[in-house]
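Structure, as structure tokens:
Numbering (the working numbering), first residue to last: 150 to 518.
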């Protein structure tokens with residue numbers, strides 16, 4: 150289904166819409182959201198080669214996760230308009246939320262630049278950072294980990310519009326993009342699945358660092374995506390193993406870095422927390438790989454995945470020790486083998502042949518209509 154510029158998309162409770170504004174771009178409109186397709190254009194040279202592709206989406210309310218193929222960043226001109234300004238990027242993954250209490254921007258890969266309404270100094274939101282704009286217009290930029298941890302302490306992490314939910318939505322969106330090949334999956338000379346795996350690993354790393362308690366869930370979704378029969382990453386068995394290992398290592402590294410930092414004053418507690426999260430992620434990842442293979446996905450070496458989890462744990466511990474000055478020993482990892490049970494179905498992702506897939510077609514209409 151194709152929609153012209155000027156169209157407005159509104160989603161209801163429990164529904165989500167995937168919009169492909171141009172090749173290599175995917176915008177995931179969350180439930181209870183309204184987005185206007187403000188500008189859509191593609192410029193080509195005399196030989197028909199695309200020289201610039203532009204999309205501006207106006208997020209009126211709700212959440213929008215944007216996934217942009219970094220291999221096309223030289224021609225991408227993409228932005229999400231908010232009441233504060235336009236959050237623009239060329240090759241990244243970021244989540245934008247607009248609500249009655251303000252707006253947020255979370256960067257999980259690459260860099261986002263917000264240009265304020267009426268001009269002013271642009272605000273750069275680097276990978277792993279988030280920006281909150283209050284109802285009064287006050288702007289706060291800090292790490293996603295700090296924002297998610299604050300929500301956990303306040304008991305608001307599960308609320309719609311929370312940064313915790315925005316981070317989880319970003320992981321869901323990019324795993325779908327990888328499984329559906331919305332991001333170029335293989336680049337010349339690559340041995341790990343190329344651009345897609347690099348982006349996915351970065352997103353999973355940042356998300357796991359922000360919310361270690363969900364690291365196993367993030368790793369499971371990521372491994373399922375790279376080993377899915379619909380993903381070209383899985384077309385090469387060797388690449389699929391390396392890709393699954395890369396996203397697993399990224400999840401463990403991010404989660405361990407946070408739990409060790411949180412417990413740096415108690416080395417024994419820090420090591421125990423790191424060991425627990427490492428084993429949990431390793432088990433989730435190897436189980437996902439086993440289930441995916443049984444459902445027609447790529448055959449992978451789960452031993453390599455478990456080894457990657459150990460490597461990620463060591464790196465995460467080292468990073469935390471360096472940052473805090475602590476001396477926490479690496480986790481004692483004892484990855485559990487995948488359970489012998491009926492494999493679960495792989496994660497369902499939207500088909501690449503459909504640029505936009507509204508749950509209820511009646512919620513999609515031209516603006517003003």
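We treat Cβ as the ideally placed atom computed from N, Cα and C, and that holds for glycine.
Suppose the cutoff is 7 angstroms on Cβ atoms and the five residues either side in sequence are ignored; what does the same chain contact list for residue i look like?
| i | result |
| --- | --- |
| residue 294 | 358, 359, 407 |
| residue 186 | 152, 154, 155, 156, 206 |
Is residue j closer than 8 angstroms to residue i when the C-beta atoms are compared?
| i | j | result |
| --- | --- | --- |
| residue 367 | residue 320 | yes |
| residue 410 | residue 315 | no |
| residue 376 | residue 389 | yes |
| residue 397 | residue 461 | yes |
| residue 273 | residue 289 | no |
| residue 257 | residue 355 | yes |
| residue 426 | residue 405 | yes |
| residue 322 | residue 276 | no |
| residue 219 | residue 348 | yes |
| residue 255 | residue 279 | yes |
| residue 438 | residue 365 | no |
Which residue wins for smallest C-alpha separation from residue i, given the options the options?
| i | options | result |
| --- | --- | --- |
| residue 325 | 382, 308, 277 | 382 |
| residue 154 | 174, 455, 184 | 184 |
| residue 363 | 378, 346, 430, 304 | 430 |
| residue 252 | 234, 218, 307 | 234 |
| residue 417 | 239, 475, 299 | 475 |
| residue 298 | 158, 361, 284 | 361 |
Enumerate in chain order the residues of its own chain whose CB-to-CB distance from residue i is below 8 angstroms, with the five nearest sequence positions on each side excluded.
| i | result |
| --- | --- |
| residue 165 | 177, 178, 179, 180, 508 |
| residue 162 | 180, 181 |
| residue 191 | 171, 199, 201, 202, 203 |
| residue 423 | 405, 408, 409, 462, 465, 466, 477, 479, 480 |
Can you tell me whether residue i is buried or exposed? The criterion is at least 16 other CB atoms within 10 Å of its CB, across all chains shown.
| i | result |
| --- | --- |
| residue 369 | buried |
| residue 313 | buried |
| residue 420 | buried |
| residue 232 | exposed |
| residue 249 | exposed |
| residue 481 | exposed |
| residue 223 | exposed |
| residue 160 | buried |
| residue 195 | exposed |
| residue 269 | exposed |
Excluding the five sequence neighbours on either side, which residues of its own chain have a C-beta within less than 6 angstroms of the C-beta of residue i, listed in chain order?
| i | result |
| --- | --- |
| residue 463 | 479 |
| residue 221 | 173 |
| residue 434 | 368, 372, 397, 454 |
| residue 451 | 435, 438 |
Closest Cβ-Cβ distance between residue i and chain C: below 8 angstroms?
| i | result |
| --- | --- |
| residue 275 | Structure shown: chain C not included; a single protein chain is present. |
Stretch-stretch touch, CB-based, cutoff 8 angstroms, three pairs: the segment 198-215 with the segment 239-259: yes
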